[in-house]
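Under this note's numbering, the sequence shown has 232 at position 232, and the numbering climbs by one with no breaks. A virtual CB, placed ideally from N, CA and C, is assigned to each residue, including glycine. These figures come from a predicted structure and were not determined experimentally.
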Amino acid sequence: MLQRPRSFQLLANAHGARAHQGTNAMATTPTAIHAASLFFPPTPTMAPAPRKPLPLLLLSFSFPVLLLLLSLVFLLSHTTFSLLLCPLLPQSPSRSANATTTGAAAAAAAGLDVSMDRTLLAFHVSASPPPPVPPPPLAPTPPVKSKKNSKKSSTKRNKGLFKRLIRQAPRTRQFAARTAELFAPPSPQRPCAHRFFMTWLSPLEKFGSREALVLETLFRWHRDACLLIASDTMDSPVGSDRLRPFLDRGFRVRAASPDLVHLLRGTPAESWLGAVRRGEVSPGSVPLGQNLSNLLRLALLYKYGGVYLDADVVVLRPLSGLRNAIGAQAVDAATGDWMRLNNAVMAFDRGHPLLREFIAEFAATFDGSKWGHNGPYLVSRVTRRMPELDVTVLPPRAFYPVDWNKIGGLFMAPKDRKEEKWVQAKVDNIRGGSFGIHLWNRESRGIEMEEGSVIRRLISDGCLFCNSSVVA
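Here you go:
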């Protein structure tokens, strides 16, 4: 039964005392109860809502939070694995084609023995690929220059070099006589057995110890060779001092200022040179030394015949067996056909028809603002267009066993036993199947050649003086 409030009890007692005197003060009647109920209705009490147990309450709130935390942990673990662990997992090196030729007849024309032909001129899918190359060290980002101003300054420098090279200075007019004197045997017992050519149209101070080591490797394998360096900067007293160590030991090397009029006379580029002298040809924004070097090497081989080498090609074995040959830089892995040639090394007979086609293409399509257009891409275009001409296309491993974007790894010394094994395997692979290796100076000039690196070991095999400190 519900307990009445104290105020309700007092009101009922007062009302009963007035109506019935003498009765018990504590007695109550139905009437009194009814009257009191009019003023003080009974207050109902509400039952309390049932409460959830505390563990269930906590679980209802923590379950979404738990899912969120698990998601974050999963994302963090996945990101850490992708960024830190995946690059460390071993990866199998990609296989690349090792050789391609224009045919058996062209291979025979190279004059190589059977073992060399089998190593360099035959494509073997089963041949083990060379070890992959570690990434080169990151070079500092050069300051950003205005493209417009850079092109203007390059064009201005090119015009100055154009004028310097086409003028008929006294040294330039002596080019033909000095070249003939170099190639003429000083005595019947000492003929000039092999003719080699280089070009150097860069400033003299850039011809450093690395270029000198390249000359050492050339004469290491060709002691009876003659080397002509077509260069107006090296044709100077300071340039002669750079060549003095070779001259003092009886090696036949000479720098001579090139005579473009003499070299291009009777070629398809003779009229092009006339247009240049009249100012009708724009030199473009690509360094002119590079474009003129592309033409000079073609004209030198066409005029005299022999082997042309870039000044950053290390010679690893005799090149005397090469004849009418050019090296491929890249091949199609699926078909084995060459995709792009490179003109850093070329060996041709004097007056070869393909050389004439190269020169004609240079004069007809010259573009001084497209890198490679007048060089590697030119020889690739013409050779692909005229497959019937007698030429041997050597595989990439002949002179380009490592591409330009991976050459930096070959300048670094091994840091541990694993890297030492890699370096030795790479050295053995290049020694066993390459005539030489292109150092890609454009990319590697700023990288120091560390002791024990692949390049250092390869050069040590062919050095003559072996006491140079080779740096960038």
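Own chain residues within Cβ distance below 6 Å of residue i, not counting five before or after
| i | result |
| --- | --- |
| Trp440 | Trp404 and Ile407 |
| Val423 | Pro414 and Val454 |
| Gly232 | One point to set straight first is that residue 232 is Asp, not Gly, in the sequence displayed. If we look at Asp232 and ignore the five residues flanking it on each side, its Cβ neighbours are Ser257. |
| Ala325 | Ala110, Ala347, Thr392 and Leu394 |
| Trp371 | Val286 |
| Trp338 | Thr100, Ala328, Val331 and Val393 |
| Glu420 | Pro414 |
| Arg252 | Cys226 |
| Thr267 | Ile359 |
| Asp310 | Ala344 |
| Ala475 | Lying before the first or after the last residue shown, residue 475 is absent from the chain, which here runs from 1 to 472. |
Where the beta strand (DSSP E) containing residue i begins and where it ends
| i | result |
| --- | --- |
| Leu228 | Ala225 to Ala230 |
| Arg254 | Arg252 to Ala256 |
| Thr392 | Thr392 to Leu394 |
| Val454 | Counting along the chain, Val454 falls outside any beta strand (DSSP E), though it belongs to the alpha helix (DSSP H) covering Val454 to Gly462. |
Residues near residue i in its chain [Cβ-Cβ closer than 8 Å; skip 5 each side]
| i | result |
| --- | --- |
| Cys463 | Leu213, Glu216, Thr217 and Arg220 |
| Glu270 | Leu264 |
| Ile455 | Val314, Leu410, Phe411, Ile437, Leu439 and Met449 |
| Pro245 | Ala212 and Phe465 |
| Phe399 | Val313, Gly327, Asn342, Ala344, Val345, Ser434, Phe435, Gly436, Ile437 and His438 |
Span of the alpha helix (DSSP H), counted from its first residue to its last, around residue i
| i | result |
| --- | --- |
| Leu204 | That residue, Leu204, is in no alpha helix (DSSP H); it is neither H nor E in DSSP. |
| Leu439 | Leu439 -> no alpha helix (DSSP H), and no H or E assigned at all. |
| Leu301 | Leu288 to Tyr304 |
| Leu322 | Taken as a continuous stretch (DSSP letters only), Leu322 belongs to no alpha helix (DSSP H), as it is neither H nor E. |
| Arg350 | That residue, Arg350, is in no alpha helix (DSSP H); it is neither H nor E in DSSP. |
| Ser209 | Ser209 to Trp221 |
| Arg277 | Glu270 to Arg277 |
| Val379 | Pro376 to Arg385 |
| His262 | Leu260 to Leu264 |
| Thr172 | Pro170 to Arg173 |
Those residues which DSSP pairs with residue i across a bridge
| i | result |
| --- | --- |
| Asn342 | Gly327 |
| Phe246 | The partner list for Phe246 (beta bridge, DSSP) is empty, contrary to what the question assumes. |
| Phe314 | Correcting the residue identity first, residue 314 is Val in this sequence and not Phe. DSSP, once it has assigned bridges, lists Ile437 as partnering Val314. |
| Val307 | Phe196 and Ala347 |
Cβ-based neighbour list, residue i, same chain, cut-off 7 Å, excluding 5 preceding and 5 following
| i | result |
| --- | --- |
| Pro44 | A caution first: Pro44 carries a pLDDT of 49, below 50, which makes its placement in the model unreliable, though a value can still be read off. Hits under 7 Å: none found. |
| Leu355 | Leu298, Leu301, Tyr302 and Phe348 |
| Arg178 | Arg254 and Ala256 |
| Asp235 | Arg171, Ala255, Ala256 and Ser257 |
| Val238 | Leu204 |
| Ser369 | Gly284, Ser285 and Val286 |
| Glu357 | Val382 and Met386 |
| Ala176 | Asp259 and His262 |
| Ser282 | Gly368 |
| Phe207 | Trp200, Met234 and Arg242 |
Residue i, buried or exposed, once every other Cβ within 10 Å from all chains shown has been counted against 16
| i | result |
| --- | --- |
| Cys226 | buried |
| Gly103 | A caution first: Gly103 carries a pLDDT of 40, below 50, which makes its placement in the model unreliable, though a value can still be read off. When all chains shown are included, Gly103 counts as exposed. |
| Leu66 | exposed |
| Val73 | exposed |
| Arg485 | No answer is possible for residue 485: the residues shown for the chain start at 1 and end at 472. |
| Leu319 | buried |
| Pro195 | Checking the sequence, you will find Arg at residue 195 rather than Pro. Buried, since its Cβ has 16 or more Cβ neighbours within 10 Å. |
| Glu388 | exposed |
| Lys426 | buried |
| Ala275 | exposed |
| Arg350 | exposed |
| Glu361 | buried |
| Phe465 | exposed |
| Gly483 | A question about residue 483 goes unanswered here, because the residues of the chain that appear run from 1 up to 472. |
| Gly289 | buried |
| Leu295 | buried |
| Glu211 | buried |
| Ser460 | exposed |
| Asn24 | Residue placement at Asn24 is poorly supported in this model, since its pLDDT is 45, which falls under 50; the coordinates are not used for a value here. |
| Pro186 | exposed |
| Arg242 | buried |
| Ala184 | exposed |
| Gly432 | exposed |
Within-9 Å CB hit, residue i to chain B
| i | result |
| --- | --- |
| Leu322 | In the structure shown, chain B does not exist; there is a single protein chain. |
Can you give, in chain order, each stretch of the alpha helix (DSSP H) that sits fully within the region 409-447 and has at least 4 residues? Qualifying alpha helix (DSSP H) stretches, in chain order: 417-433 and 441-444.
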